[in-house]
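Protein chains in written order, with my numbering: chain A, 7 to 153; chain B, 681 to 1061.
Report on the following structure.
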């Protein structure tokens, strides 16, 4: 037996993936590019989905009624990210919330700026702040800040 | 169940931060050693269910490379990408249905050779959730942790107390060698914060490991052992992907999987009838949620069960005497290791972490963001 370390080989190919978002999410992204947040309403149960999805899970119905949301809502849950997605420490921890927009039954994720984390954050009223240049992506919403 | 399913035995590799060997040889060594130990020949089993994951392995349909080393060559083989308990249940179904007499279950991953949080971030919905660029598996679990703590009016200290119990138990488990287990509650509370309230030592450690299990029909199991462990009940369940769609304060899918398993096993009061539990608490708060969901204590009393010492190694109903997923967590293999540990407890083979007089045990596996999917097996002698 030798003490030679067993060789590891790195992957030599990477592959970019694409996802067609479909008609429903396409419309949502289009509204974001105009600085607006929209959702779809189920004709069965009346639930409003933002981000939208094509079919209501409860009712198994295609949703086609669009509603515009004000961009204001409340924080229902949060974490403070001390690391990035690769779990590497970040210089400035970010407060990330689950935000339920007024008129929606779902939540969006988003960074919250200008509010302390802690028990007082849950239930706090916040509003979406858009970036200057809009590209039709969920990242068009820069962050949320207290109303 | 149509036919009784017995467990001949199991085997596991060391669970370590990095095992310097190929995935295939890790599978071969574990499978071969286990087959030899129980006197099962390659020709004796006719089906193999693998549990691995293409993302973790960096291969498409990665089980093409584990055919020979698992003994699956020219046999009926299938793969699940969930947890080893799911693979165990699928293999048990094949035997219960009368399609096979002896089955092999193999689960592994080498966390040292990929980035678990990146691979698990790739479970997230791609067009919106992945585009935020700040969500991964730990972030998703952190929202669940917040909901679990707040709804029970618990502080973050309880997370450290789950970890100190489980890491302490792991000091008695010779195959768990992933992190420093001799840490204090203060060390855990002072460990690096990842996604608040989850810290490095209240989240699973990146692990390499493999576990195998051999299942057999009532007739066939007698050839290999006079002490079979029986699968008395099993259940699988999953809830919505979206966190907003779930009640994050509890695990309804684990409750439903447990109900199915207990019904099949004829268990009416798990808190009284179960002697030991091995659960896949990848994050500390989940042990509190799962002990409740598995009916090992009353709803909302998971923390009380911990604080009272009931779930300690020397307690009335020990939870994770092996050290659980916080001590070692080779993704895919984690739940199957829980089932193997439950089997060791039933057979009295658990060494320094043996619990006295176990007649019935429950083992649990999970997968998906914030434990979206749960699998439960009830085992007994």
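Cβ coordinates follow ideal geometry from the N, Cα and C atoms, glycine included.
Quick caveat, the model's predicted, so the values are computed rather than measured.
Open item on the list: Using C-beta distances below 8 Å, list every residue in its chain close to residue 69 of chain A, excluding the 5 sequence neighbours before and after it, in chain order.
Closed with: Excluding sequence neighbours, residue 69 of chain A sits near 30, 46, 47, 48, 49, 55, 58, 59, 60, 61, 62.
Task: Length at least 3, wholly inside the segment 902–926 of chain B: the beta strand (DSSP E) runs in chain order - done: Taking only runs of at least 3 residues, the beta strand (DSSP E) segments lying wholly in the segment 902–926 of chain B are 909–918.
TODO: Evaluate the contact criterion for the segment 1048–1061 of chain B versus the segment 902–920 of chain B: three or more CB pairs, one atom per stretch, below 8 Å.
DONE: With a cut-off of 8 Å on Cβ pairs, the segment 1048–1061 of chain B is in contact with the segment 902–920 of chain B, counting three or more such pairs.
TODO: Look up residue 790 of chain B in the DSSP assignment and say whether it is helix, strand or coil.
DONE: Correct three-state label for residue 790 of chain B: strand.
Open item on the list: For the structure I just gave you, are there three or more beta carbon pairs, one from the segment 999–1008 of chain B and one from the segment 916–935 of chain B, closer than 8 Å?
Closed with: Verdict: no, contact absent.
- [ ] Using a cut-off of 9 Å between C-beta atoms, extract the partners of residue 797 of chain B located in chain A.
- [x] Simply 89, 91, 92, 93.
Open item on the list: I need the straight-line Cα distance from residue 143 of chain A to residue 807 of chain B, nearest angstrom please.
Closed with: The alpha-carbon atoms of residue 143 of chain A and residue 807 of chain B are separated by roughly 9 Å.
- [ ] Please confirm if residue 84 of chain A has its CB atom under 8 Å from at least one CB of chain B.
- [x] Contact of residue 84 of chain A with chain B is assigned, a C-beta pair being separated by under 8 Å.
TODO: Consider the Cβ of residue 115 of chain A: report whether some Cβ of chain B lies at a distance smaller than 8 Å.
DONE: Cβ-Cβ to chain B under 8 Å: yes for residue 115 of chain A.
TODO: Indicate the three-state DSSP secondary structure (helix, strand or coil) for residue 103 of chain A in the structure shown.
DONE: In the structure shown, residue 103 of chain A falls within a strand segment according to DSSP collapsed to helix, strand and coil.
Task: Assigned exposure category for residue 804 of chain B - 16 Cβ within 10 Å defines buried - done: Buried is the call here.
Task: Contact belief for residue 691 of chain B with residue 728 of chain B at Cβ below 8 Å, rounded distance in angstroms - done: Their Cβ separation, rounded to whole angstroms, is 14 Å, which puts residue 691 of chain B and residue 728 of chain B out of contact at 8 Å.
- [ ] Starting from the N-terminal side, write out each stretch of the beta strand (DSSP E) that is 3 residues or longer and does not extend beyond the segment 805–846 of chain B.
- [x] Every candidate beta strand (DSSP E) stretch fails here, since none sits fully inside the segment 805–846 of chain B while reaching 3 residues.
Open item on the list: Considering only the alpha carbon of each residue, which of B:972, B:938, B:924 lies closest to residue 114 of chain A?
Closed with: It is B:924 whose Cα lies nearest to the Cα of residue 114 of chain A.
Task: 7 Å Cβ cut-off: residues of chain A touching residue 873 of chain B - done: In chain order: 88.
TODO: Since I believe residue 826 of chain B is in contact with residue 93 of chain A (beta carbons under 8 Å), could you give me their beta-carbon distance rounded to a whole number of angstroms?
DONE: Actually they are not in contact, since the Cβ atoms of residue 93 of chain A and residue 826 of chain B sit about 19 Å apart, beyond 8 Å.
Task: Proximity of residue 693 of chain B and residue 889 of chain B at Cβ, strictly below 8 Å - done: Yes, these two residues count as a Cβ contact at 8 Å.
TODO: Establish whether the CB of residue 815 of chain B and some CB of chain A are separated by less than 8 Å.
DONE: Yes, contact with chain A.
- [ ] Label residue 732 of chain B either buried or exposed according to how many other C-beta atoms from any shown protein chain fall within 10 Å of its C-beta, with 16 as the threshold for buried.
- [x] Per the 10 Å Cβ criterion, buried.
TODO: Would you please state the rounded distance, in angstroms, between the beta carbons of residue 1045 of chain B and residue 763 of chain B? I believe it to be under 8 Å.
DONE: That belief holds up - the Cβ atoms of residue 1045 of chain B and residue 763 of chain B are roughly 4 Å apart, short of 8 Å.
Open item on the list: Taking 7 Å as the limit between beta carbons, can you name the residues of its chain near residue 995 of chain B, skipping five residues before and five after?
Closed with: Its chain contains 989 as the residues whose beta carbon lies nearer than 7 Å to that of residue 995 of chain B, once the 5 sequence neighbours on both sides are disregarded; these appear in chain order.
Task: Residues that residue 806 of chain B contacts on chain A, provided the C-beta gap is smaller than 7 Å - done: 25, listed in chain order.
Open item on the list: Can you tell me which residues form a DSSP beta bridge with residue 69 of chain A?
Closed with: DSSP lists no partner for residue 69 of chain A.
Open item on the list: Counting only C-beta atoms, is residue 811 of chain B closer than 8 Å to chain C at any point?
Closed with: Any reference to chain C falls outside this structure, whose protein chains are A and B.
- [ ] Determine the direct distance from the alpha carbon of residue 822 of chain B to that of residue 41 of chain A, and round the result to whole angstroms.
- [x] Between the C-alpha atoms of residue 41 of chain A and residue 822 of chain B there is a straight-line separation of about 30 Å.
TODO: Pull up the distance between the alpha-carbon of residue 942 of chain B and that of residue 117 of chain A, whole angstroms please.
DONE: Distance between the alpha carbons of residue 942 of chain B and residue 117 of chain A: 43 Å.
Open item on the list: For residue 22 of chain A, count the other beta carbons within 10 Å of its own beta carbon; 16 or more makes it buried, fewer makes it exposed. Which is it?
Closed with: Answer is exposed; the Cβ neighbour count stays below 16.
Task: Continuous beta strand (DSSP E) stretch holding residue 1023 of chain B: start and end - done: Careful: residue 1023 of chain B lies outside any beta strand (DSSP E), inside the alpha helix (DSSP H) at 1014–1027.
Open item on the list: Check whether the segment 738–754 of chain B and the segment 768–783 of chain B touch, using three or more Cβ-Cβ pairs below 8 Å as the test.
Closed with: Taking a cut-off of 8 Å on C-beta distances, the segment 738–754 of chain B does not touch the segment 768–783 of chain B, as fewer than three cross pairs fall below it.
Task: Continuous beta strand (DSSP E) assignments of at least 3 residues falling wholly in the segment 744–789 of chain B - done: Within the segment 744–789 of chain B, the complete beta strand (DSSP E) segments of 3 residues or longer fall at 756–760, listed in chain order.
- [ ] Grab me the residues of residue 837 of chain B's own chain with a C-beta within less than 6 Å of its C-beta, minus the 5 sequence neighbours each way, in chain order.
- [x] Setting aside the 5 residues that flank it on each side, residue 837 of chain B has no residue in the same chain whose C-beta is closer than 6 Å to its C-beta.
Task: C-beta atoms of residue 735 of chain B and residue 802 of chain B nearer than 8 Å - done: Their beta carbons are under 8 Å apart, which means residue 735 of chain B touches residue 802 of chain B by this criterion.
TODO: Quick one: which residues of the segment 63–77 of chain A get their C-beta closer than 9 Å to a C-beta of chain B? List them in chain order.
DONE: Within the segment 63–77 of chain A, the qualifying residues are 63.
Open item on the list: Extract the residue ranges of the alpha helix (DSSP H) inside the segment 16–56 of chain A, only unbroken runs of 4 or more that lie entirely within it.
Closed with: For the alpha helix (DSSP H) assignment, the uninterrupted runs of no fewer than 4 residues enclosed by the segment 16–56 of chain A are, from N- to C-terminal side, 28–39.
TODO: Decide if residue 19 of chain A is buried, meaning its Cβ has at least 16 other Cβ atoms within 10 Å, or exposed.
DONE: Residue 19 of chain A is exposed by the Cβ-count criterion.
- [ ] Name the two residues that bound the continuous alpha helix (DSSP H) containing residue 888 of chain B.
- [x] Counting along the chain, residue 888 of chain B falls outside any alpha helix (DSSP H), though it belongs to the beta strand (DSSP E) covering 888–897.
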